[in-house]
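Reading through the structure tokens given below for one structure.
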Amino acid sequence: MGSRTAIGCGVVILLLALIVGGGAAGAYNNLVSLDQATQAQWGQVENVYQRRADLIPNLVATVKGVANFEKSTYIAVAQARAKVGQVTAGGTSGTANNPQAFARYQQAQDGLTSALSRLLAVVENYPDLKANENFLTLQAQLEGTENRIAVERMRYNEVAQSFNTTRQSFPTNIFANFFGPRFDVKPYFQAQPGAETAPKVTF
14 MGSRTAIGCG
24 VVILLLALIV
34 GGGAAGAYNN
44 LVSLDQATQA
54 QWGQVENVYQ
64 RRADLIPNLV
74 ATVKGVANFE
84 KSTYIAVAQA
94 RAKVGQVTAG
104 GTSGTANNPQ
114 AFARYQQAQD
124 GLTSALSRLL
134 AVVENYPDLK
144 ANENFLTLQA
154 QLEGTENRIA
164 VERMRYNEVA
174 QSFNTTRQSF
184 PTNIFANFFG
194 PRFDVKPYFQ
204 AQPGAETAPK
214 VTF
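In my numbering, the protein residues as written are 14 to 216.
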């Protein structure tokens, strides 16, 4: 009778171990899947920001060619772009897992957004520049890129929210803590104060 009891207890323990192990494996795989989705979307955010950065040298060169255009305005854009370059110089692949690096990245990009907005507002005072074919092409590309940035940031926030909801749910939150920063909560993009929508590029 005693041996049967021991066997029965062993079977119960084995079943519990399998259930717990299966649950842990499922939780881990789910976190990995959601983390990968977040990283993939982060890559899309980087791509559209890089597209904007690539447009800026031509934009600055075009406005510099217009007589009497405010020098300080395009210098501010060039300096803001340089700050973005400093933030991204070491690579940004781990930024979505690092709130401090994420904040620095967003601050630099928001600074460039503000500088571009000021430059585009000044353009209103220069009819010749507004009629420049090269500038009009750059304006259209920049407008499309700004809209794309807003979309990709929104999509990033959505996948980050899915990850964070799962990460902070019980009992996954307990399990995830065993992996240290591997499954840290993802930061979100925040709107600039007074800029709840993407900047409008109008001429």
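Cβ atoms here follow ideal geometry from the backbone N, Cα and C, with glycine treated the same way. This one's a predicted model, so the numbers in the text were calculated from it and none came from an experiment.
Next item on the list: Please classify Ala144: does DSSP put it in a helix, a strand, or coil?
Entry: The residue given as residue 144 occupies position 131 in the sequence shown. Looking at Ala144 - three-state DSSP - the assignment turns out to be coil, as it is neither helix nor strand.
Check: Nearest CA to the CA of Gly98: which residue from Ala121, Asn111, Asn110, Ser106?
Finding: Position 85 of the sequence shown holds residue 98. The shortest C-alpha separation from Gly98 is found at Ala121.
Checklist line | Three-state class that DSSP yields for Gln181 in the structure shown | finding: Residue 181 sits at position 168 when you count from the first residue of the sequence shown. Here Gln181 sits in coil by DSSP.
Notebook entry, point to check: Considering only C-alpha positions, which residue in the set Thr150, Asn138, Glu156 is nearest to Val79?
Noted result: What you label residue 79 is simply residue 66 of the sequence shown in a count that begins at 1. For the residues Thr150, Asn138, Glu156, the minimum Cα distance to Val79 belongs to Asn138.
Margin query: I need the boundaries of the alpha helix (DSSP H) containing Ala128, first residue and last residue.
Written below: For the purposes of this step, residue 128 is identified with residue 115 of the sequence shown, where counting begins at 1. Taken as a continuous stretch (DSSP letters only), the alpha helix (DSSP H) holding Ala128 covers 112 to 135.
Checklist line | Cut-off 7 Å between Cβ atoms - residues of its own chain near Pro48, not counting five sequence neighbours on either side | finding: Reading the sequence shown from its first residue, position 35 is the one you call residue 48. In the sequence as displayed, the identity of residue 48 is Asp instead of Pro. So the list reads Phe176, Phe196, once near-sequence residues are dropped.
Note to self: Can you find the residues in the same chain that come closer than 6 Å, C-beta to C-beta, to Ala114, ignoring five residues on each side of it along the sequence?
What the structure shows: Taking the first residue of the sequence shown as position 1, residue 114 is located at position 101. Counting only Cβ-Cβ distances below 6 Å, and skipping sequence neighbours, we find Thr108.
Checklist line | Cβ-based neighbour list, Thr75, same chain, cut-off 6 Å, excluding 5 preceding and 5 following | finding: Start at 1 with the first residue of the sequence shown, and residue 75 comes out as number 62. Asn147, Phe148.
Item checked: Closest residue to Ala128 among Ser46, Leu72, Ala93 (Cα-Cα distance) -> Your numbering for residue 128 matches position 115 in the sequence shown. Nearest of Ser46, Leu72, Ala93 to Ala128, Cα basis: Ala93.
Margin query: Measuring only the C-alpha atoms, how far is Gly39 from Pro194?
Written below: Against the sequence shown, residue 39 aligns to sequence position 26. Against the sequence shown, residue 194 aligns to sequence position 181. Their Cα atoms are separated by approximately 19 Å.
Next item on the list: Take Glu59 and list the residues in its own chain whose beta-carbon comes closer than 7 Å to its own, dropping the five residues that flank it on each side.
Entry: Taking the first residue of the sequence shown as 1, we reach residue 59 at position 46. For Glu59, where only same-chain residues beyond five positions count, the Cβ hits under 7 Å are Thr105.
Item checked: Under 8 Å between C-beta atoms of Leu50 and Val172 -> Position 37 of the sequence shown, counting from 1, holds the residue named residue 50. Position 159 of the sequence shown, counting from 1, holds the residue named residue 172. For the record, residue 50 in the displayed sequence is Ala; it is not Leu. Yes, Cβ-Cβ distance for Ala50 and Val172 is below 8 Å.
Notebook entry, point to check: For Val61 versus Thr158, is the C-beta distance shorter than 8 Å?
Noted result: Here residue 61 corresponds to residue number 48 of the sequence shown, with the count starting at 1. Here residue 158 corresponds to residue number 145 of the sequence shown, with the count starting at 1. The answer is yes: Cβ separation under 8 Å.
Item checked: Own chain, CB closer than 7 Å to Asn170, minus 5 neighbours either side, in chain order -> On the sequence shown, residue 170 is found 157 positions in, with the first residue counted as 1. So the qualifying residues of the chain are Tyr201, Phe202.
Item checked: Rounded separation between Ala95 and Ala204 - CA only -> For the purposes of this step, residue 95 is taken as residue 82 along the sequence shown, with counting starting at 1. For the purposes of this step, residue 204 is taken as residue 191 along the sequence shown, with counting starting at 1. Using only the alpha carbons, I get a separation of about 22 Å.
Checklist line | Buried/exposed call for Thr185, threshold 16 Cβ in 10 Å | finding: As a first step, residue 185 is located in the sequence shown; it is residue number 172 there, counting from the start. Buried is the call here.
Next item on the list: Evaluate Asn42 with the Cβ neighbour count: other Cβ atoms within 10 Å of its Cβ, from every protein chain shown; 16 or more gives buried, anything less gives exposed.
Entry: Position 29 of the sequence shown, counted from the start, is the residue given in the question as residue 42. Exposed, because fewer than 16 other Cβ atoms sit within 10 Å of the Cβ of Asn42.
Item checked: Three-state class that DSSP yields for Gln203 in the structure shown -> As a position in the sequence shown, residue 203 is number 190, starting the count at 1. If DSSP states are grouped into helix, strand and coil, Gln203 belongs with coil.
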